[in-house]
Amino acid sequence: MNSGASAPTDWTQPQSSATSTWKEAKPGEFGDFVGTTAYFRKTFIVDNLDSYASLAFSVKTTYGVIVYINGEQVYSYNMPDEAITYNTKCEVKHNQLMNVGSSIAVQYSNLVLGANVVCFEVHVADPSVANIIDFDSTIQFTAESSFRLLDGVAS
102 MNSGASAPTD
112 WTQPQSSATS
122 TWKEAKPGEF
132 GDFVGTTAYF
142 RKTFIVDNLD
152 SYASLAFSVK
162 TTYGVIVYIN
172 GEQVYSYNMP
182 DEAITYNTKC
192 EVKHNQLMNV
202 GSSIAVQYSN
212 LVLGANVVCF
222 EVHVADPSVA
232 NIIDFDSTIQ
242 FTAESSFRLL
252 DGVAS
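Everything in the sequence shown is counted per this note's numbering, starting at 102 for the first residue and increasing by one.
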């Protein structure tokens, strides 16, 4: 959602009906940014909680970001230590896309069988000059019987 207004109170919940009218778009197709905060969400299905060993995500942005999974805040970057509203500005705008969170582990207790949702709340530093949101995220599930390579080292 990118309307310059506050998001619905339940926007971070998997069954939020208030987000049914939100625009769906591929990266680069969201149009010009309006306001101080943009909201993104992606629903994903977990069909067997025992099949996965871990869940991690990474975030790249030039602004501030708060990440939620199923309504629980799991990460925050470049945001002030105060109550956050849709008008809250991030602390600093970086001049280039920053990898602000790499392989951030999420507790599996945040997930449920069936529909889950990951939500990103991106805040800019100066809404009068921000017309494009620089933001990227990747979510990675690791299967129970696999491993992953990080910088060439098995983990």
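Yeah, the Cβ is synthetic: ideal placement off N, Cα and C, and Gly gets one too.
Just so we're clear, the structure is a prediction, and the values are computed from it rather than from any experiment.
The stretch 142 to 153 makes no contact with the stretch 182 to 200: fewer than 3 CB pairs, one atom from each, lie closer than 8 Å.
Collapsing the DSSP output to three states places L150 in a helix. Looking at the DSSP output, S117 sits in no beta bridge, so it has no partner there. At a Cβ-Cβ threshold of 8 Å, Y187 and T137 count as neighbours. In the DSSP annotation of this structure, the continuous segment of the beta strand (DSSP E) that includes H224 starts and ends at 215 to 224. The criterion of a C-beta distance shorter than 8 Å is satisfied by I167 and S177. For the pair V223 and I234, the CB atoms are nearer than the 8 Å cut-off. Judged by DSSP secondary structure, Y176 falls within the beta strand (DSSP E) whose first and last residues are 173 to 178.
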